[in-house]
Amino acid sequence: MTLKSDLKKIFSGISLGLMVIGITFLSGCFSGSTNTYAFGVSAATPTMSDLDILNTLEGTLNAMTTANPDGHLHEIMREKGVTLTAREVQYDMTNHVGEEFGLAGDGELCDYYNWGYDNSIENRYFCLEVTPSGGYLERWYIYFSRNSGSELYQDLLQMNVYIILIAEIDPNLYERGQQNMATGHYAEWVTMSR
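In this text, residue positions in the sequence shown follow my numbering: the first is 34, and each later residue adds one.
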């Protein structure tokens with residue numbers, strides 16, 4: 034079973050009389066909100082009623098996990114003026130250093146520090162390992178600021194996430210021959226049970 038099919042069953046099975054139970058269940062599984070991290074500034078969703086949270090969560094999850102999982106990614110890329118995908122950068126990395134790109138997939142906290150993204154940045158950045166959705170891409174290691182990305186970091190300590198992000202390979206950290214490593218600038222995520 035996939036997250037999408039599980040959620041469809043949950044959402045289609047909730048009647049008006051069971052809505053309170055459904056909201057409680059979803060709040061426990063998904064921390065009750067979709068989160069956003071924007072260019073070094075945390076932008077958490079404002080406080081909303083339980084019904085608003087349910088409606089927002091359902092809409093966001095549908096957008097993020099539809100038959101075309103890249104649909105929401107491309108929408109964010111368009112909004113941010115980003116044209117490159119992780120696939121394009123992965124296969125022509127040297128020519129795209131310093132350029133933003135979009136990536137979506139399952140993410141988990143990890144401790145991979147290597148190449149230019151070595152242990153010297155660990156006190157300022159945490160590492161998120163992202164397994165891309167919808168294709169044959171290799172995993173990416175995305176480094177987010179510990180200060181402005183603290184909400185994402187706290188969620189990752191508890192659960193894995195489905196994440197849509199904008200990143201760039203920092204020209205000051207890039208080393209020729211490095212793996213898929215980049216600095217995160219923007220992210221939207223939904224927490225998932227491990």
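Beta carbons: idealized from backbone N, C-alpha and C, even for Gly.
Nearest-angstrom Cα distance between residue i and residue j?
i	j	result
residue 195	residue 148	26 angstroms
residue 180	residue 108	27 angstroms
residue 125	residue 201	13 angstroms
residue 117	residue 129	9 angstroms
residue 120	residue 137	11 angstroms
residue 217	residue 150	12 angstroms
residue 142	residue 190	7 angstroms
residue 183	residue 160	12 angstroms
residue 226	residue 187	14 angstroms
residue 214	residue 112	23 angstroms
residue 193	residue 114	28 angstroms
residue 158	residue 140	16 angstroms
residue 105	residue 219	14 angstroms
residue 21	residue 172	This structure cannot settle anything about residue 21, because the visible part of the chain is limited to 34 through 227.
residue 122	residue 223	25 angstroms
residue 155	residue 178	10 angstroms
residue 212	residue 110	23 angstroms
residue 145	residue 174	7 angstroms
residue 176	residue 127	19 angstroms
residue 131	residue 203	5 angstroms
residue 166	residue 185	19 angstroms
For residue i, does the three-state DSSP call read helix, strand or coil?
i	result
residue 216	strand
residue 184	helix
residue 209	coil
residue 189	helix
How would you label residue i, buried or exposed, when you count the other beta carbons within 10 angstroms and need 16 or more for buried?
i	result
residue 198	buried
residue 162	buried
residue 153	exposed
residue 133	buried
residue 135	buried
Are the C-beta atoms of residue i and some chain D residue less than 8 angstroms apart?
i	result
residue 217	No chain D appears in the structure shown, which is made up of a single protein chain.
Entirely enclosed alpha helix (DSSP H) segments - the segment 106-165, minimum 4 residues: 119-123, all fully within the segment 106-165.
The segment 149-165 in contact with the segment 202-212 per 3-pair CB rule at 8 angstroms: The segment 149-165 makes contact with the segment 202-212; the number of CB pairs closer than 8 angstroms reaches 3 or more.
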